[in-house]
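Visitor: A single structure is presented below for examination.
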Amino acid sequence: MTSTAPRRRARSKGRIEQLPSGSLRVVVYAGQDPLTKRRHYLREIIPAGPRAAIEADKALRRLAVQVDEQRNPRTTATVEQLLTEHFELLEVEPSTLSTYRTLSRTHIVPLIGKQKVGALRAAVFDSFYAELRRCRAHCDRRPFVEHRTVRPHNCDHRCGPHRCRGLSRSTIRQIHVILSGALKRAVRWRWLSTNPIEHAQAPPQPAAKPQPPSADEAARILNEAWSDPDWAVLVWLTMVTGFRRGELCALRWNDLDVVNGVLTVARSIAQLDGETWEKDTKTHQHRRIALDPDTVMLLAGHRQRYMDLCAGLGFELPADGFMFSRDVDGSTHLKPATVGQRYSRLARRIGIKTTIHKLRHYSATELIAGGVDVRTVAGRLGHGGGGTTTLRVYAAWVSEADQRASAGLLDRLPQRPSSSPGSTNSAERGARSPYELVAAELRAQILDGRLPSGSLLPSNVELARQYGVATGTAHRATALLSEWGIVDVRQGRRAVVLDVVECGEVAQPVTTMSLIRGSGLDRQLTVGEFPAVERFMADMHVRHLGADFARFSAEVDLNSGADLRKLLVAAVRRRGGDPAQIDEYEMDVRLPTDMAAVITFVAFA
1 MTSTAPRRRA
11 RSKGRIEQLP
21 SGSLRVVVYA
31 GQDPLTKRRH
41 YLREIIPAGP
51 RAAIEADKAL
61 RRLAVQVDEQ
71 RNPRTTATVE
81 QLLTEHFELL
91 EVEPSTLSTY
101 RTLSRTHIVP
111 LIGKQKVGAL
121 RAAVFDSFYA
131 ELRRCRAHCD
141 RRPFVEHRTV
151 RPHNCDHRCG
161 PHRCRGLSRS
171 TIRQIHVILS
181 GALKRAVRWR
191 WLSTNPIEHA
201 QAPPQPAAKP
211 QPPSADEAAR
221 ILNEAWSDPD
231 WAVLVWLTMV
241 TGFRRGELCA
251 LRWNDLDVVN
261 GVLTVARSIA
271 QLDGETWEKD
281 TKTHQHRRIA
291 LDPDTVMLLA
301 GHRQRYMDLC
311 AGLGFELPAD
321 GFMFSRDVDG
331 STHLKPATVG
341 QRYSRLARRI
351 GIKTTIHKLR
361 HYSATELIAG
371 GVDVRTVAGR
381 LGHGGGGTTT
391 LRVYAAWVSE
401 ADQRASAGLL
411 DRLPQRPSSS
421 PGSTNSAERG
431 ARSPYELVAA
441 ELRAQILDGR
451 LPSGSLLPSN
461 VELARQYGVA
471 TGTAHRATAL
481 LSEWGIVDVR
491 QGRRAVVLDV
501 VECGEVAQPV
511 TTMSLIRGSG
521 LDRQLTVGEF
531 PAVERFMADM
541 HVRHLGADFA
551 RFSAEVDLNS
561 GADLRKLLVA
571 AVRRRGGDPA
581 QIDEYEMDVR
591 LPTDMAAVIT
601 FVAFA
C-alpha cells in the first residue's frame, strides 16, 4: 500500500479579529504598498450582533476575491501623496504646472488631501465641489475679518467682514481636470482598480463669453496708443492678427515678409513670475498670417525707424532681433506681463474696462462678422481642432461667407489715425509709465527754471516720497533724465542739473509760454486768436492727403496767416511738391515741449 504525504494546508490571506467593543474586524493581506513598501491590508469592521460572524465571513471572502482579481486598492496613499507623485511626472508647461500646484495647495489639499485614495467615492467629490461653490476661503461659516494681507499692516478699506464667494465654474472645472488626471495615473499604476471620479458629477464646461471691445472703443484705444509709435504698432498688430501676448513678444524681424505681406508665427515667450523663456506656440503650430497693405506699411515703417536708429549708432539692425524690444538692436524681448499691464493702464485712462486678450476676441469676431469662414479664422488665431474651438467660443458671431480674411478685417477696422508714427523720444511722445510721468514733471521744472542749472536733483528717496512712488521708480526716472541729457548722474553723487543750452534743450521765454498757457486757450486755436507776443520757434508737421510729408522747425508769428502760408509753400517746394495744389496739404504747428498741435493751418489754392 502506497503511502501519500499529507497535503499542506493553503495559508489563509485573511483573518477575523474580535474587538473589545464586540465588533469584528476583517483583515485581508493585499500585497506590498508600492508607495511605502510596507505590507498592505484591507480592513472592514462588522458591528456586533447575532449575525456578526456570518457577515464577517462574507466580508472575508469578498475581500479575498477582490485581492485575487486585483480589484482592490493597493496602497494607503492619500490624495496629497498622489498629487505630489503626479506633479513630478506631469509633462506640461512650467506656468501650467505652477497653476496646478497653486490650486492643489489652496483648494484640494486643505479639503480632501488627507483622504486615502482607496476610500474616495463619487459622494466625496460631489461634496467637495459643493464646498468649492460655497466659499473659496473654505471658512467654517463663523464671521471673521478678512485682512488684505497676513503680514502686519494698518487696516484700510480693503480689510472688512468676510463674505463667502465661491470659485468660478472654470476654476472648479480646472480642479476636476487635475484630480481626474492624477486618478487616471493611479489606475495605470494599479493603485486603484477603477477611477472613482468617473462616477462623480463633473462640473459643467463654462459657457464661452467673449467680450471684445466695440468698434468705437477700439478706435479710442488706437488713438490713445498712437502717442507712442512702437506701442501703437503692437496694439494695431494685435487687433489685426489676434496674436497671443507671448507670440507678439517672440516676433523677430526675419519673421516679416514685406514683399509677400506675410508674418510667420513660430515661437512664443512664456513667463513665470519674473522669469521668461522662449518656447513653442500654445498649440505647437507654425502659422503664416496674410497681412493687409496698411499693416505691412506700418511694420515696414516700424523696422525703418529702428534701422535708422541703429545706423546712427554705427551698426546694422540684426535680422534676428526682436520686433518689439526696449533695445535698439532688438536683443531683448518684451515681457508678456508687462505688455498686458501697460495695455490695462491705457484702457483705464480712457475709461474702458478690458484686457489685451480681448483684442484677440475683437479680431475673431470682426473676421467672422466680415464673412470669413470659421476654419480660416481658426488658422489665423492658432486654434487647434480645425475650428472646433473657434466655433464653440465665437458661435454667436458665425455667418456664411468666403471672403479673404485680411481684406475682410481691414474693411471693418476703425480708421488708423492720419499722423504717422514719428520720433521715438519719450519726452516728445508723452509720458505713460509712472517713472516717465515723474521724469516729465522734473523736466518741466528744469526747463522753466524751478530747478536751475547746477543745482542738485532731489535724492531718489525724496523723489519717491514727493511723488508717492517706489524708490526703484524714482531711480528709473532719474536714469531717464540722464538719457535725455538733462542731468549728470555719476556713481556716489547726487544728480546735477545741466545747462539747458549745453544739453540741447531750447527754453522759450517765460513770457511767451505763460501768455499762451495762462490765457485759458487750452483748445485748438485759429489764426488771429493768439496773444500778441514776439515771434518764436515752433515745430511744423506737414501732411499731404493725410500722409506724413515733412517736419521742420522755424520762427513764426502765429497771428500771421501770410507767414504760415509762406512756410507751407516753401516746405512743399523743398520736397518736390506742387504749390498749385496747396489745398491738399495741412500743417500742424506745435509749441516747444507741447505734444498737442496748437493750430492746424490749411491754405486754399
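Position 293 (the sequence shown) corresponds to 293 in full-length UniProt numbering; numbering is contiguous. Just so it is clear, CB atoms sit at the ideal spot from N, CA and C, and this is done for glycine as well.
Got a sec, what are the start and stop residues for the beta strand (DSSP E) Arg39 sits in?
Guide: Note, Arg39: beta strand (DSSP E), Arg39 to Ile46.
Visitor: Near Ser21, what residues of its chain come up, given a Cβ to Cβ distance below 8 Å and the 5 sequence neighbours on each side ignored?
Guide: Ala48
Visitor: Less than 8 Å separating the beta-carbons of Ser455 and Val497?
Guide: yes
Visitor: Using a Cβ-Cβ cut-off of 7 Å (strictly less than) and excluding sequence neighbours within five positions of Leu272, which residues of its own chain qualify?
Guide: Pro94, Ser95 and Ser98
Visitor: Going by DSSP, what residue range makes up the alpha helix (DSSP H) through Phe87?
Guide: Here the alpha helix (DSSP H) through Phe87 covers Val79 to Leu89.
Visitor: What's the C-alpha gap between Arg523 and Leu248?
Guide: A caution first: Arg523 carries a pLDDT of 39, below 50, which makes its placement in the model too unreliable to give a value.
Visitor: Where does Ala580 land, buried or exposed, given buried means 16+ other C-beta within 10 angstroms?
Guide: exposed
Visitor: Leaving out five residues on either side along the sequence, give the residues of the same chain with a beta carbon under 7 Å from the beta carbon of Thr424.
Guide: With a pLDDT of 42 at Thr424, under the threshold of 50, the modelled position of this residue cannot be trusted, and the question is left open.
Visitor: Along the alpha helix (DSSP H) that carries Trp236, what are the first and last residues, could you check?
Guide: Pro229 to Thr241 is the extent of the alpha helix (DSSP H) around Trp236.
Visitor: Helix, strand or coil for Glu146, going by three-state DSSP, please let me know.
Guide: strand
Visitor: Using only the alpha-carbon positions, how far apart do Ser560 and Phe601 sit?
Guide: 11 Å
Visitor: Under the DSSP definition of a beta bridge, which residues are partnered with Ser553?
Guide: Asp539
Visitor: Please go through the same chain and pick out, in chain order, the residues whose beta-carbon is closer than 6 Å to the beta-carbon of His147, but skip the five residues on each side of it.
Guide: If we look at His147 and ignore the five residues flanking it on each side, its Cβ neighbours are Cys159.
Visitor: So with Cβ pairs under 8 Å, would you call Pro47 a contact of chain C?
Guide: In the structure shown, chain C cannot be found, because there is only a single protein chain.
Visitor: Look up Met297 in the DSSP assignment and say whether it is helix, strand or coil.
Guide: Met297: helix per DSSP, three-state reduction.
Visitor: So does the stretch 432-445 actually touch the stretch 462-478, counting three or more Cβ pairs closer than 8 Å?
Guide: yes
Visitor: Going by other Cβ atoms of all chains shown within 10 Å of its Cβ, with 16 needed for buried, is Ser168 buried or exposed?
Guide: exposed
Visitor: At the level of alpha carbons, what is the spacing between Gly518 and His541?
Guide: For Gly518, the pLDDT reaches just 36, beneath the cut-off of 50, and the residue's location in the model is therefore unreliable, although a value from the coordinates is still provided. So the two alpha carbons sit approximately 25 Å from each other.
Visitor: Can you tell me whether Gln32 is helix, strand or coil according to DSSP?
Guide: strand
Visitor: Under the three-state reduction of DSSP, which class applies to Ile599: helix, strand or coil?
Guide: strand
Visitor: Could you spell out the range, first to last residue, of the beta strand (DSSP E) harbouring Thr332?
Guide: Neither: Thr332 is in no beta strand (DSSP E) and is coded neither H nor E.
Visitor: On the DSSP letters alone, give me the boundaries of the alpha helix (DSSP H) that Gly14 sits inside.
Guide: Per DSSP, Gly14 belongs to no alpha helix (DSSP H); it is in the beta strand (DSSP E), Gly14 to Gln18.
Visitor: May I ask you to report which of helix, strand or coil DSSP gives Arg101?
Guide: helix
Visitor: If distances are taken between C-alpha atoms only, which option among Gly485, Val572 and Ile356 comes closest to Pro213?
Guide: Ile356
Visitor: For the stretch 197-209 against the stretch 261-280, do three or more pairs of beta-carbon atoms, one drawn from each stretch, fall closer than 8 Å, so that the two count as touching?
Guide: no
Visitor: Since Met323 contacts Arg252 with CB under 8 Å, what's their CB separation in whole angstroms?
Guide: 6 Å
Visitor: Roughly how many angstroms separate the alpha carbons of His361 and Cys135, rounded to a whole number?
Guide: Whole-angstrom Cα-Cα distance: 31 Å.
Visitor: Counting pairs of beta carbons, one from the stretch 185-193 and one from the stretch 337-351, are three or more of them closer than 8 Å?
Guide: no
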